[in-house]
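With my numbering applied, the sequence shown covers 631 to 952.
All residues carry an ideal CB built from backbone N, CA and C; glycine is no exception.
Remember, it's a predicted structure, so these values are computed and weren't measured experimentally.
Just below is one structure, and these are the notes that go with it.
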Amino acid sequence: MSSSLTSCTAPEQETQRYPDKFVNSDPALKAPDNVFEIIKAYFTAEQLLNEESDVVYRLGHSSVIMKLDGKLVMADPVFSERASPVQFLGPKRFHDTPISLEALPDIDVVVISHDHYDHLDKHSVKTLASKVGMFLVPLKVGQVMRDWGVSAEKITELDWWESETVNGIAYTLTPTQHFSGRGLTDRDSTLWGSWVIKSSENNVYFSGDSGYFKGFKEIGDRFGPFDLTMIETGAYNTLWSHIHMFPEQSVQAHVDLKGKVMMPIHNSTFDLSMHDWDEPLEKSLRIATERGVTLVSPEIGQRLEVGEVLPVVNWWNNSLAD
631 MSSSLTSCTA PEQETQRYPD KFVNSDPALK APDNVFEIIK AYFTAEQLLN
681 EESDVVYRLG HSSVIMKLDG KLVMADPVFS ERASPVQFLG PKRFHDTPIS
731 LEALPDIDVV VISHDHYDHL DKHSVKTLAS KVGMFLVPLK VGQVMRDWGV
781 SAEKITELDW WESETVNGIA YTLTPTQHFS GRGLTDRDST LWGSWVIKSS
831 ENNVYFSGDS GYFKGFKEIG DRFGPFDLTM IETGAYNTLW SHIHMFPEQS
881 VQAHVDLKGK VMMPIHNSTF DLSMHDWDEP LEKSLRIATE RGVTLVSPEI
931 GQRLEVGEVL PVVNWWNNSL AD
C-alpha cells in the first residue's frame with residue numbers, strides 16, 4: 631500500500647493546544663426510548679466487492695461504508711449494541727446493522743472523526759483491525775487504538791488540514807466545532823475533525839460531529855464543490871448548540887461546503903437527545919426543500935451512488951407504523 635503525506639496550515643483554523651489539550655478555533659464555545667424497527671436493506675460482502683461505481687451505504691448513526699475507486703472505505707464504524715463504555719448501560723441501538731462485522735470483506739481505509747463512543751467503538755475497531763489496511767485518525771486518537779492492540783503501522787494520525795493519500799485517494803482532516811473525551815479526566819486530550827475524501831471521480835465530505843461555524847465555508851472554499859456531503863443532523867439541543875447542529879444549520883453547512891447532494895447522518899440509531907428520533911429527517915427534508923437543496927435519505931443499508939439524486943421516501947414513517 632503506497633501512501634504520501636502532505637500538510638498545509640490554514641490562516642484562521644489552526645489547531646490550538648494549551649499545552650496538552652485541544653481546543654476549538656473559537657475557545658469561547660463550550661460543550662456542556664424511542665424503540666422501533668427500521669426496514670433495512672441488507673447487503674453482502676460479495677455485493678461490495680462487485681461494485682464498480684463510487685457508492686455509499688449507511689450502516690446506522692454516522693457509520694458508513696463507501697466504495698471509491700474500487701477501494702473500500704469506512705467512516706466511524708460502530709457495530710456495538712450500545713454507544714457506551716459498557717454494554718449494559720447507555721444508549722441502545724434501535725436496529726441491527728445491515729451487515730455484520732464478521733461478514734465484512736477486507737477494508738482498505740477506516741477514517742475516524744473523534745473519540746466519542748458513538749464514533750470510536752472499541753469492539754468494532756478491535757474486530758476490524760485484522761481486516762483494515764490503514765486507520766486514518768485525528769491527533770492522539772491513535773494512542774487509544776494502539777492501547778487496544780491495533781498495530782502502530784496501521785495507524786496514521788493527522789492534524790487539521792493535513793492530508794494522506796492512500797492508493798490514489800486523498801484524505802484530508804478538516805476542522806469541526808466539537809470536543810473529545812471518553813472519561814472524566816481526558817477531556818479534549820485528542821483531536822476531533824471531519825474528512826474530505828477525494829477519489830478520481832468524486833469528492834465527498836464526512837462531517838463527524840460539529841456545531842455550526844465559519845469553518846464549513848472555509849472548507850468549501852478550499853476543497854469544494856462536493857458531490858456528496860454527509861452532514862451531522864441529529865442529537866441537537868439548545869443546551870449544547872455550540873457542538874451539534876440544528877437541521878437548519880446542517881443544511882446551511884452543506885450550502886457553505888458547496889455541496890451538490892446532502893445526506894443527513896448522526897440519526898436513526900441511538901437516542902442521544904430529547905427530540906423524536908425521526909425529527910432530524912423530517913425537518914432537514916422540509917428545510918432542504920424550502921431552500922432548493924438536493925437531499926437524499928436512503929434507508930439503513932440502501933445503496934446510494936455518490937452524487938445520485940435518490941428520491942426521498944419517508945421510510946421513517948413506515949418504521950413507526952410497523
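Rounded C-beta distance between residue i and residue j? I'm assuming under 8 Å.
i, j, result
"Phe-846", "Ala-883", "4 Å"
"Gly-798", "Asp-699", "6 Å"
"Val-739", "Val-780", "Not really, about 14 Å apart at Cβ, beyond 8 Å."
"Lys-784", "Phe-809", "Not confirmed; about 26 Å, so no contact."
"Lys-770", "Leu-821", "6 Å"
Report all residues from its chain with a CB closer than 6 Å to the CB of residue i; omit the five preceding and five following residues, and keep chain order.
i, result
"Thr-859", "Tyr-835, His-884, Leu-887, Gly-889 and Met-892"
"Val-943", "none"
"Gly-854", "Leu-887 and Lys-888"
"Glu-681", "Lys-697"
For the alpha helix (DSSP H) containing residue i, name the first residue and the last one.
i, result
"Met-775", "771-777"
"Glu-622", "Residue 622 is absent from the structure shown; the chain starts at 631 and stops at 952."
"Glu-878", "877-886"
"Glu-676", "675-680"
"Leu-758", "752-758"
Would residue i and residue j qualify as a contact pair, given that the criterion is a beta-carbon distance under 9 Å?
i, j, result
"Ile-849", "Pro-805", "yes"
"Gly-841", "His-874", "yes"
"Ser-914", "Pro-894", "yes"
"Val-703", "Ile-737", "yes"
"Pro-583", "Gly-813", "The chain is shown only over 631 to 952; residue 583 falls outside these bounds and no answer can be derived."
"His-725", "Gly-811", "no"
"Glu-711", "Lys-722", "yes"
"Leu-678", "Tyr-687", "yes"
"Phe-652", "Asp-818", "yes"
Output the boundary residues of the beta strand (DSSP E) element that contains residue i.
i, result
"Thr-859", "858-862"
"Glu-935", "933-935"
Which residues share a DSSP beta bridge with residue i?
i, result
"Tyr-801", "Glu-794 and Ile-827"
"Pro-894", "Ile-861"
"Val-834", "Ile-827 and Leu-858"
"Arg-712", "Lys-722"
"Met-696", "Val-686 and Val-703"
"Phe-765", "Val-740 and Ile-785"
"Gly-889", "Phe-856"
"His-691", "Asn-897"
"Leu-925", "Met-892"
Whose C-beta lies closer than 8 Å to the C-beta of residue i among residues of the same chain, with five residues either side of it excluded?
i, result
"Ala-782", "Gly-772 and Arg-776"
"Val-685", "Met-696, Lys-697, Arg-933, Leu-934, Glu-935 and Val-936"
"Glu-878", "Lys-913 and Ile-917"
"Ala-951", "With a pLDDT of only 40 at Ala-951, under the threshold of 50, the placement of this residue in the model should not be trusted; the figure read from the coordinates follows. Same-chain partners within the cutoff: there are none."
"Thr-924", "Lys-890, Val-891, Met-892, Ala-918 and Val-939"
"Lys-660", "At Lys-660, the pLDDT of 43 sits below 50, so the modelled position is not reliable and the matter cannot be decided from this model."
"His-749", "Ser-692, Asp-706, Val-708, Ile-742, Ser-743, Gly-838 and Asp-839"
In chain order, what residues of the same chain have a beta carbon less than 7 Å from the beta carbon of residue i, not counting five sequence neighbours either side?
i, result
"Lys-752", "Trp-778"
"Ser-683", "Glu-935"
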